[in-house]
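According to the numbering used here, the stretch in the sequence shown is residues 326 to 616, in order. We treat Cβ as the ideally placed atom computed from N, Cα and C, and that holds for glycine. Here the structure is a predicted model, which is why all the values come from computation and not from measurement. Beneath this line is the structure, given in structure tokens, with notes to follow.
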Amino acid sequence: MDTQPAGTIAVFGGTGKQGGAVIDALLSRGARVRALVRNPESERARALAGRGVELAPVGIGDAASLSAALHGVDAFFFMTTPEGTSPAEIEGETRQGIALVEAAVAAAVPHVVFSSVGGAERESGVPHFDSKRRVEEHLEQSGLRATLVRPVAFMENFTSMGPSVENGEIVFRWPLPDGIPLQLVSVRDIGQISASFLLGTAKAAGGAIEIAGDERTGSQIAAAFGAHAGLPARYEALPLHVLGDNEDAQAMFRWFAETPAYQADLGAVKSIEPTAWDLPTWIRASGWGQG
Ligand SMILES: NC(=O)c1ccc[n+]([C@@H]2O[C@H](COP(=O)([O-])OP(=O)(O)OC[C@H]3O[C@@H](n4cnc5c(N)ncnc54)[C@H](OP(=O)(O)O)[C@@H]3O)[C@@H](O)[C@H]2O)c1
Numbered sequence: 326m327d328t329q330p331a332g333t334i335a336v337f338g339g340t341g342k343q344g345g346a347v348i349d350a351l352l353s354r355g356a357r358v359r360a361l362v363r364n365p366e367s368e369r370a371r372a373l374a375g376r377g378v379e380l381a382p383v384g385i386g387d388a389a390s391l392s393a394a395l396h397g398v399d400a401f402f403f404m405t406t407p408e409g410t411s412p413a414e415i416e417g418e419t420r421q422g423i424a425l426v427e428a429a430v431a432a433a434v435p436h437v438v439f440s441s442v443g444g445a446e447r448e449s450g451v452p453h454f455d456s457k458r459r460v461e462e463h464l465e466q467s468g469l470r471a472t473l474v475r476p477v478a479f480m481e482n483f484t485s486m487g488p489s490v491e492n493g494e495i496v497f498r499w500p501l502p503d504g505i506p507l508q509l510v511s512v513r514d515i516g517q518i519s520a521s522f523l524l525g526t527a528k529a530a531g532g533a534i535e536i537a538g539d540e541r542t543g544s545q546i547a548a549a550f551g552a553h554a555g556l557p558a559r560y561e562a563l564p565l566h567v568l569g570d571n572e573d574a575q576a577m578f579r580w581f582a583e584t585p586a587y588q589a590d591l592g593a594v595k596s597i598e599p600t601a602w603d604l605p606t607w608i609r610a611s612g613w614g615q616g
């Protein structure tokens with residue numbers, strides 16, 4: 326970028342994956358960033374401050390703290406997250422999002438970017454997708470200028486739910502029938518694409534975009550890890566009951582198996598972020614298998 330962007334961009338969730346990636350992308354483009362944090366003393370918050378990010382302490386139940394933190398900003402990124410998988414915790418995600426939208430209204434923020442989830446608007450019946458849809462609806466009715474970013478499954482899921490190496494072979498097991506392509510996105514690209522919207526260097530047609538950088542079946546995911554490790558690879562589809570009594574996760578994996586679940590247009594994503602990562606790129610960049 327030739328000139329440093331003017332103004333300040335506010336980010337909620339900057340100590341987490343998505344917000345952290347948004348801040349990385351904004352800082353790399355020379356933007357000024359204000360992070361809304363619940364604990365400015367946390368290690369991650371202090372690390373942001375060390376990189377020149379302004380910290381604004383907020384409480385999600387403290388409307389005045391939220392609107393004060395958004396005062397005077399040019400754009401605002403937020404994501405929402407349930408604290409757990411119970412219906413009450415998932416309902417809390419909607420309350421969190423509505424509180425942030427209301428604060429943006431009170432502070433008259435010129436542009437709000439909300440990272441929701443792919444398929445939120447398609448009546449998936451997945452509880453933690455429906456909770457995000459209610460935030461989208463609140464935002465749509467708020468009168469704010471808004472952009473909805475709808476990410477598909479994170480490649481980062483493979484750091485905790487990825488393949489293992491067993492007797493010299495890569496084995497990947499997920500509760501998803503093989504042969505069903507699942508769209509995938511790197512958190513890095515959520516950051517890059519959201520930053521482009523926040524800084525006004527890109528626009529989403531119709532104000533919303535589902536984003537993905539790759540699409541693979543279970544066997545193809547296993548093969549990508551196998552190629553990286555130089556090992557043979559296989560996929561084993563697990564039954565849904567391995568998810569135990571987590572009805573939210575069961576609903577999501579059931580929805581994944583109904584093709585097409587996620588429906589991002591990979592070409593449209595590339596036109597906004599030409600360097601969007603496919604799975605092999607994420608595997609290399611993540612250092613997978615090195616620790
Ligand atoms: N995994 C996937 O495949 C996938 C795909 C699409 C969408 N999603 C959605 O992505 C969301 C999670 O995003 P993420 O991975 O970026 O989350 P994350 O890494 O867990 O980070 C959550 C962030 O939110 C902040 N936060 C949470 N509750 C807060 C509160 N009450 N007050 C202030 N800050 C609060 C956390 O701050 P602290 O540091 O203080 O905790 C942290 O910065 C979920 O809603 C999930 O459904 C996930």
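MET577 sits in a helix when the DSSP states are folded into three classes. ILE597 and SER353 have their C-alpha atoms some 17 Å from each other.
Looking at the DSSP output, PRO382 shares a beta bridge with VAL362.
Within a 10 Å sphere around the beta-carbon of ALA424 sit 16 or more other beta-carbons, which makes this residue buried. Around the beta-carbon of GLY516, 16 or more other beta-carbon atoms lie within 10 Å, marking it buried.
A check of alpha carbon separations from LEU473 across ARG579, LEU604, SER441 identifies SER441 as the nearest. Distances between the C-beta of GLY444 and the heavy atoms of ligand 1 are all 7 Å or more. In the structure shown, ARG354 falls within a coil segment according to DSSP collapsed to helix, strand and coil. In the DSSP assignment, the residues bridged to ASP539 are LEU509. In the DSSP assignment, THR484 falls within the unbroken alpha helix (DSSP H) covering 482–485.
By the neighbour-count criterion, in which a residue is buried when 16 or more other Cβ atoms sit within 10 angstroms of its Cβ, HIS566 is exposed.
In the three-state DSSP reduction, LEU473 falls in the strand class (E or B).
Between PHE581 and LEU507, the C-beta gap is smaller than 8 Å, which places the two residues in contact. Its chain contains no residue whose beta carbon lies nearer than 6 Å to that of LYS528 once the 5 sequence neighbours on both sides are disregarded. For PRO382, the CB contacts under 6 Å within the same chain, skipping 5 residues up- and downstream, are PRO365 in chain order. With a minimum length of 4 residues, the unbroken runs of alpha helix (DSSP H) contained wholly in the stretch 554–609 fall at 572–581, 591–597. For THR333, the enclosing beta strand (DSSP E) covers residues 333–337. Following the DSSP letters along the chain, one finds ALA428 inside the alpha helix (DSSP H) bounded by residues 412–431. The Cβ-Cβ distance between ILE536 and ILE518 falls below 8 Å. If the five residues before and after LYS595 are omitted, its C-beta is found closer than 7 Å to the C-beta atoms of ALA601, all from its own chain and listed in chain order.
The criterion of a C-beta distance shorter than 8 Å is satisfied by LEU380 and LEU373. In the structure shown, the three-state DSSP call for ARG376 is coil. With a cut-off of 7 Å, the C-beta of PRO382 is classified as distant from ligand 1, since no heavy atom of the ligand falls inside that distance.
The straight-line gap separating the alpha-carbon atoms of LEU351 and PRO585 is approximately 33 Å. Under the three-pair Cβ rule at 8 Å, the stretch 571–580 counts as touching the stretch 448–459.
GLY555 and THR542 have their C-alpha atoms spaced approximately 19 Å apart.
Counted as a single uninterrupted DSSP element, the beta strand (DSSP E) harbouring ALA400 occupies residues 400–404.
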